[in-house]
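A.B. asks: In the UniProt record's numbering, the protein residues as written are 1 to 616. Using N, Cα and C, we set each Cβ at its ideal position, and we do this for glycine too.
1. Between the Cα of residue 70 and those of 96, 219 and 90, spot the shortest distance and give me the residue it belongs to.
2. Report all residues from its chain with a CB closer than 6 Å to the CB of residue 546; omit the five preceding and five following residues, and keep chain order.
3. Taking its Cβ as the centre, do 16 or more other Cβ atoms sit within 10 Å of residue 49, making it buried, or is it exposed?
4. Look up residue 76 in the DSSP assignment and say whether it is helix, strand or coil.
5. Quick one: is residue 395 buried, meaning 16 or more other Cβ sit within 10 Å of its Cβ, or exposed?
6. Out of curiosity, what's the CA-to-CA distance linking residue 521 and residue 540?
7. Decide if residue 550 is buried, meaning its Cβ has at least 16 other Cβ atoms within 10 Å, or exposed.
8. Take residue 110 and list the residues in its own chain whose beta-carbon comes closer than 6 Å to its own, dropping the five residues that flank it on each side.
9. Pull up the distance between the alpha-carbon of residue 618 and that of residue 268, whole angstroms please.
10. So for residue 61, helix, strand or coil by DSSP?
11. Express the C-alpha separation of residue 351 and residue 406 in angstroms, rounding to a whole number.
12. Do three or more CB pairs link the region 300 to 310 to the region 326 to 343 at distances below 8 Å?
13. Here's the rule I'm using: 16 or more other beta-carbon atoms within 10 Å means buried, otherwise exposed. How should residue 288 be labelled?
14. Can you tell me the Cα-Cα spacing of residue 412 and residue 438, whole angstroms?
15. I think residue 584 touches residue 612, with their Cβ atoms under 8 Å apart; what is that distance to the nearest whole Å?
16. Whose CA, out of 83, 247 and 76, lies closest to the CA of residue 61?
17. Can you say whether residue 598 is buried or exposed, counting buried as having 16 or more other CB atoms within 10 angstroms of its CB?
18. State the DSSP-derived secondary structure class of residue 242, mapped to helix, strand or coil.
19. What is the DSSP secondary structure of residue 603, reduced to helix, strand or coil?
20. Assign residue 164 to buried or exposed, taking buried as 16 or more other Cβ atoms, counted over all protein chains shown, within 10 Å of its Cβ.
21. Classify residue 100 as helix, strand or coil using the three-state DSSP reduction.
22. Can you tell me the Cα-Cα spacing of residue 87 and residue 65, whole angstroms?
23. Could you check where the beta strand (DSSP E) with residue 32 kicks off and where it finishes?
24. Contact criterion: CB-CB distance below 8 Å. Does residue 572 meet it with respect to chain D?
25. Considering residue 343, what are the terminal residues of the alpha helix (DSSP H) in which it resides?
26. At the level of alpha carbons, what is the spacing between residue 391 and residue 416?
27. I need the DSSP call for residue 523, collapsed to helix, strand or coil.
28. Quick check for students: name the residue ranges of the alpha helix (DSSP H) that lie wholly in the region 451 to 538, counting only runs of 4 or more.
29. Using a Cβ-Cβ cut-off of 7 Å (strictly less than) and excluding sequence neighbours within five positions of residue 105, which residues of its own chain qualify?
30. Near residue 286, what residues of its chain come up, given a Cβ to Cβ distance below 6 Å and the 5 sequence neighbours on each side ignored?
31. If I follow the unbroken beta strand (DSSP E) through residue 569, where does it start and stop?
32. Does the separation of the CB atoms of residue 523 and residue 588 fall below 8 Å?
33. Determine the burial state of residue 186: buried for a count of at least 16 other Cβ atoms within 10 Å of its Cβ, exposed for fewer.
34. Whole angstroms are fine: how far does the CA of residue 141 sit from the CA of residue 566?
35. Do residue 570 and residue 485 have their CB atoms nearer than 8 Å?
36. DSSP beta-bridge partners for residue 175?
Have a look at this one:
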């Protein structure tokens with residue numbers, strides 16, 4: 001029987017309705033190759049019912065319809081079930097299609113349920129039924145059910161079937177029974193590459209790295225072939241075992257066989273070399289990759305981090321962020337609120353507010369968090385006036401600020417000259433209770449602008465808060481951590497405390513510090529001895545101030561880094577006034593950019609000025 005049917009086909013190259021002048025007697029190719037949507041399948045299904053074609057070839061047509069719905073088309077399992085339930089006595093191949101479909105479409109529990117239904121209906125499973133349900137057990141981690149299927153396979157005579165044995169190895173390995181998987185492996189008369197890879201995957205799942213290296217050597221000794229999946233598993237083991245010899249052998253093999261364009265394989269090599277301490281070799285491989293993905297970037301960052309090369313790890317992380325941003329633009333991905341806000345926050349925390357602003361401008365939709373992140377980013381990077389302008393724009397756009405926004409705005413106010421009264425009123429009208437951070441920020445601005453009245457109120461609030469905190473700390477036995485400054489040089493983190501002499505280069509550091517203080521004094525720096533420790537004698541106060549942890553760290557940076565290199569330090573407390581003044585002068589006299597991250601914000605010192613404009 002033949003008739004005319006119009007089938008709507010949706011493909012990248014063809015979106016119009018395709019007219020099929022003669023409907024084929026055997027519609028297998030039409031169903032499996034031409035149906036691109038459920039609507040297409042529904043039309044053909046209706047046609048074969050209407051023309052009685054389903055009755056004339058029930059098993060063949062039904063199998064084709066079920067395969068299309070269960071396996072080939074996305075989101076069509078309900079339709080597949082409707083087809084299956086209309087079949088009077090479904091046979092083994094039909095059950096296999098349904099079980100495979102549920103396993104492929106991430107519903108392994110349904111696959112197991114239909115296998116049980118198959119057994120209850122006395123439909124005999126074959127090797128494909130057993131393999132499919134074993135895959136479902138593997139995905140579920142259902143060891144007990146997997147063992148039952150294994151016993152059934154043996155009873156039915158499929159225990160030595162290679163197809164079934166491969167899935168048994170995968171199931172046992174994935175369920176944490178690598179030893180049982182190995183026994184199945186050893187019983188096999190013939191093994192394919194995927195058999196070995198399943199065994200490697202099982203050992204990897206259980207962290208049996210030594211067994212992976214041992215098995216790979218067995219594989220080489222037996223003259224078995226291997227693929228990229230094999231090498232990735234073995235390279236992972238080499239990294240964990242620090243087996244550089246085997247890792248280098250694989251590296252040479254990859255280069256010799258021209259496999260350097262395999263990104264997953266090269267990324268595994270990067271990870272292996274980094275874990276074995278060969279970070280520079282890893283970096284060379286990384287630099288040779290033309291199209292890096294996020295996994296490659298992560299491997300390189302992790303490698304630097306594990307080797308203690310923190311500065312390079314941070315630089316690489318920043319480059320990763322820029323790469324991700326570039327990737328988003330290349331792929332024309334929608335800059336959602338969540339994605340855009342995360343990018344802005346990343347750039348701001350890396351001190352790159354220009355990029356934060358660019359992301360913000362490109363975002364089609366913004367919420368309160370988007371505005372707040374940018375306001376805070378601008379404020380913490382010394383752009384207080386821009387932050388306040390942005391807050392005004394936020395209000396004009398009818399976006400309601402939250403408590404985090406208010407704190408960010410106050411931080412911006414404290415970094416902008418001439419806004420003391422406004423900041424004070426802002427604090428009074430805030431819908432949240434101002435905390436010590438807020439009052440301290442206001443007090444810092446009052447000190448700069450000589451506003452005694454508001455400064456006294458801020459100090460009063462801070463004092464009361466400090467008394468409460470000290471009493472609480474005393475009750476709980478909590479001690480205040482001492483101020484310390486960190487600097488990273490040549491991959492090592494160096495920690496300094498005030499008047500610290502514990503560093504192995506202490507003598508050289510203090511000599512450099514004395515020279516540094518002498519040179520900035522000649523340029524006009526006057527020590528603020530009010531910042532000296534409380535128990536210092538009058539004649540020792542200047543030396544006490546000179547020996548603050550920030551100055552020691554900067555002096556160390558001057559003697560251990562090349563001229564012109566940016567010095568980056570991190571302080572666990574707020575930078576004191578004297579160190580702030582001295583660092584401005586150091587940046588000018590020594591012609592160095594200095595970046596200081598204290599408890600409150602970033603300070604970017606350059607040519608005698610700081611990005612905070614002296615409001616912190």
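C.D. replies: In short, the structure shows the following:
1. The residue you call residue 70 lines up with position 70 of the chain shown. Checked all of 96, 219 and 90; the closest Cα to residue 70 is 96.
2. Here residue 546 is taken as the residue at index 546 of the chain shown, counted from 1. Excluding residues within five positions, the ones whose Cβ falls inside 6 Å are 517.
3. Within the chain shown, numbered from 1, the residue matching residue 49 stands at position 49. Residue 49 is exposed by the Cβ-count criterion.
4. Position 76 of the chain shown holds residue 76. Here residue 76 sits in coil by DSSP.
5. Within the chain shown, numbered from 1, the residue matching residue 395 stands at position 395. With fewer than 16 Cβ atoms within 10 Å of its Cβ, residue 395 is classed as exposed.
6. Counting from 1 along the chain shown, the entry for residue 521 is found at position 521. Counting from 1 along the chain shown, the entry for residue 540 is found at position 540. Approximately 17 Å between the Cα atoms of the pair.
7. Counting from one through the chain shown, the residue named residue 550 turns up at place 550. Under this definition residue 550 is a buried residue.
8. Position 110 of the chain shown, counted from the first residue, corresponds to residue 110. Here the set comprises 102.
9. The displayed coordinates of the chain run from 1 to 616. Any statement about residue 618 would go beyond what the structure contains.
10. Taking the first residue of the chain shown as 1, we reach residue 61 at position 61. In the structure shown, the three-state DSSP call for residue 61 is helix.
11. The sequence position of residue 406 within the chain shown is 406, counting from 1. The sequence position of residue 351 within the chain shown is 351, counting from 1. Roughly 21 Å between the two C-alpha positions.
12. no
13. For this step, residue 288 is matched to residue 288 along the chain shown. So residue 288 ends up on the exposed side.
14. Counting from one through the chain shown, the residue named residue 412 turns up at place 412. Counting from one through the chain shown, the residue named residue 438 turns up at place 438. C-alpha separation (whole angstroms): 11 Å.
15. Along the chain shown, read from residue 1 onward, the residue named residue 584 stands at position 584. Along the chain shown, read from residue 1 onward, the residue named residue 612 stands at position 612. Not confirmed; about 10 Å, so no contact.
16. Sequence index remark: in the chain shown, residue 61 carries index 61 (1-based). For the residues 83, 247 and 76, the minimum Cα distance to residue 61 belongs to 83.
17. The count along the chain shown starts at 1 and reaches residue 598 at position 598. Classification for residue 598: buried.
18. Start at 1 with the first residue of the chain shown, and residue 242 comes out as number 242. Residue state, collapsed to three classes: coil.
19. For this step, residue 603 is matched to residue 603 along the chain shown. The answer is strand: DSSP assigns residue 603 an E or B state.
20. Here residue 164 corresponds to residue number 164 of the chain shown, with the count starting at 1. Under this definition residue 164 is a buried residue.
21. Position 100 of the chain shown, counted from the start, is the residue given in the question as residue 100. Reduced to three states, the DSSP call for residue 100 is helix.
22. As a position in the chain shown, residue 87 is number 87, starting the count at 1. As a position in the chain shown, residue 65 is number 65, starting the count at 1. Near 11 Å, if we compare the C-alpha coordinates of residue 65 and residue 87.
23. For this step, residue 32 is matched to residue 32 along the chain shown. Per DSSP, residue 32 belongs to no beta strand (DSSP E) and is neither H nor E.
24. Among the chains in the structure shown there is no chain D, since it carries only a single protein chain.
25. On the chain shown, residue 343 is found 343 positions in, with the first residue counted as 1. First-last of the alpha helix (DSSP H) with residue 343: 337 to 349.
26. The count along the chain shown starts at 1 and reaches residue 391 at position 391. The count along the chain shown starts at 1 and reaches residue 416 at position 416. Cα to Cα, the separation comes out at about 14 Å.
27. Here residue 523 refers to the residue found at position 523 when the chain shown is read from its first residue. Three-state DSSP puts residue 523 in coil, outside helix and strand.
28. 452 to 476 and 506 to 522
29. As a first step, residue 105 must be located in the chain shown, where it is residue number 105. The answer, listed in chain order, is 77.
30. Locating residue 286 in the chain shown gives position 286, where the first residue counts as 1. 270 and 300, listed in sequence order.
31. Taking the chain shown and counting its residues from 1, the one referred to as residue 569 is at position 569. Taken as a continuous stretch (DSSP letters only), the beta strand (DSSP E) holding residue 569 covers 567 to 571.
32. Within the chain shown, residue 523 is the residue found at index 523, counting from 1. Within the chain shown, residue 588 is the residue found at index 588, counting from 1. For residue 523 and residue 588, yes; Cβs fall inside 8 Å.
33. Residue numbering aside, residue 186 sits at position 186 when the chain shown is read from its first letter. Counting Cβ neighbours within 10 Å, residue 186 comes out exposed, since fewer than 16 surround it.
34. Here residue 566 corresponds to residue number 566 of the chain shown, with the count starting at 1. Here residue 141 corresponds to residue number 141 of the chain shown, with the count starting at 1. Taking the straight line joining both Cα atoms gives about 52 Å.
35. Position 570 of the chain shown, counted from the start, is the residue given in the question as residue 570. Position 485 of the chain shown, counted from the start, is the residue given in the question as residue 485. Yes. Within cutoff.
36. The residue you call residue 175 lines up with position 175 of the chain shown. Paired residues: none, contrary to the question.
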